[in-house]
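One structure is given here, and the rest of the page talks about it.
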Amino acid sequence: MRGSVPDLIREINRAEYITVLTGAGISTLCGLPDFRGDIQNPVWEKYPQEKVFNSDVLRRSPEIFFGFLKEILIKDYTPCVAHHVIKNLEDAGKVKAVITQNIDGLHHLAGSKHIYELHGSIYKNYCVACGRPAGYEEFAALVREKTVPYCACGGFIRPDVVFFGEMLPEEDLKMAVYHASRSDLILVVGTSLLVQPAAYMPVYTLKNGGKLALINKGETYIDDRASLKLDDIKEVFEELNRSYGAGGV
40 MRGSVPDLIR EINRAEYITV LTGAGISTLC GLPDFRGDIQ NPVWEKYPQE
90 KVFNSDVLRR SPEIFFGFLK EILIKDYTPC VAHHVIKNLE DAGKVKAVIT
140 QNIDGLHHLA GSKHIYELHG SIYKNYCVAC GRPAGYEEFA ALVREKTVPY
190 CACGGFIRPD VVFFGEMLPE EDLKMAVYHA SRSDLILVVG TSLLVQPAAY
240 MPVYTLKNGG KLALINKGET YIDDRASLKL DDIKEVFEEL NRSYGAGGV
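When we follow our numbering, the leftmost residue of the sequence shown carries the number 40, and every step to the right adds one.
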């Protein structure tokens, strides 16, 4: 650990243009398992990672991916204190962008507006056959009832998330780079920065002369360039909430 929460508060108060980058660690506070960060997680015994997020397997055996969604993601999760603090900082004009690797949509549920979802979201869905968009409530109800959510046309409805080998959403990536490159502070929350291009976002901020604050239990490749490195996301954001809770910014 390097620095303290009061140090982080000082950096936030000084900053004029903050970008937040989040990973699976923030969602674990909401009850989601960190299945991506923990390859030993028993969920991968039932749903092998190389099959769950494989577009070829999705076409041939959609029940694998949708079984995973039904068991792990299609639940009544709600945003945690970290999501709400980030939203409050956006409302106050401090946070200009939220870049996330998560597909759970929790930043949207918290009320953040300027969100760039590099790996897509389970809240955006469409039929692979006819292209009809489907709302989350319809999609989730079908998954809960039938596992594979079929459209009236006979095709199945899939979330607009990025599978292995698929392209990232171009506009979201473009805007993520835009904001990270203009920030005087980037907060990295709950990610070990192992997956590109998200892992490079702090470098854009550092090249701009900005600062990096890491809030993550594990090590990252860029720890030595961080002004602050804090470990416990829950403790950090509960303390931040005293300063940046609703009406406190």
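Idealized CB from N, CA, C, for every residue including glycine.
Predicted model only: the values in this text are computed from it and were never measured.
| query | result |
| --- | --- |
| Range of the contiguous beta strand (DSSP E) that encloses Ser151 | Element bounds for Ser151: n/a, residue is neither H nor E. |
| Residues that Thr230 bridges to, as DSSP identifies them | None, per the DSSP bridge assignment. |
| Selected residue, minimal CA-CA separation from Asp46, among Lys250, Pro87 and Phe105 | Lys250 |
| Pick from Pro198, Asn247, Ala219 and Val227 that is closest to Lys256, judged by C-alpha positions | Val227 |
| Length of the line joining the Cα atoms of Pro188 and Glu177 | 9 Å |
| Start-to-end residues for the alpha helix (DSSP H) that takes in Pro241 | Met240 to Lys246 |
| Host alpha helix (DSSP H) of Asn280 (start-end) | Ile272 to Tyr283 |
| Beta-carbon separation (whole angstroms), Ala252 vs Leu267, contact threshold 8 Å | 4 Å |
| Three-way DSSP call (helix, strand, coil) for Tyr175 in this model | helix |
| Cβ-based burial, Pro198 [other Cβ within 10 Å; buried from 16] | buried |
| Buried versus exposed call for Ala169 [16 or more other C-beta atoms within 10 Å across all chains shown] | Note that residue 169 corresponds to Cys in the displayed sequence, not to Ala. Classification of Cys169: exposed, given that the 10 Å Cβ count is below 16. |
| Residue span of the alpha helix (DSSP H) that contains Tyr217, given as start and end | Glu209 to Arg221 |
| Boundaries of the alpha helix (DSSP H) in which Gly64 is found, first to last residue | Ala63 to Ser66 |
| CB of Met240 within 8 Å of CB of Ala215, strictly | yes |
| Nearest candidate by alpha-carbon position, reference Lys289, set Ile154, Gly174 and Ser220 | This structure does not reach residue 289, given that the chain is present from 40 up to 288, and the question cannot be answered. |
| Per-residue DSSP class, three states only, for Cys69 | helix |
| Backbone CA spacing between Pro87 and Glu110 [nearest angstrom] | 14 Å |
| Residue nearest to Gly193 in terms of C-alpha spacing, selected from Val201, Tyr165 and Thr117 | Tyr165 |
| Status (buried if at least 16 other CB within 10 Å, exposed otherwise) for Pro172 | exposed |
| Strand pairing of Ser160, partner residues [DSSP] | Asp199 |
| Lys268 - DSSP class collapsed to helix/strand/coil | strand |
| Buried versus exposed, by CB contacts within 10 Å (16 or more), Thr61 | buried |
| Nearest-angstrom Cβ-Cβ length linking Val201 and His158, presumed shorter than 8 Å | 5 Å |
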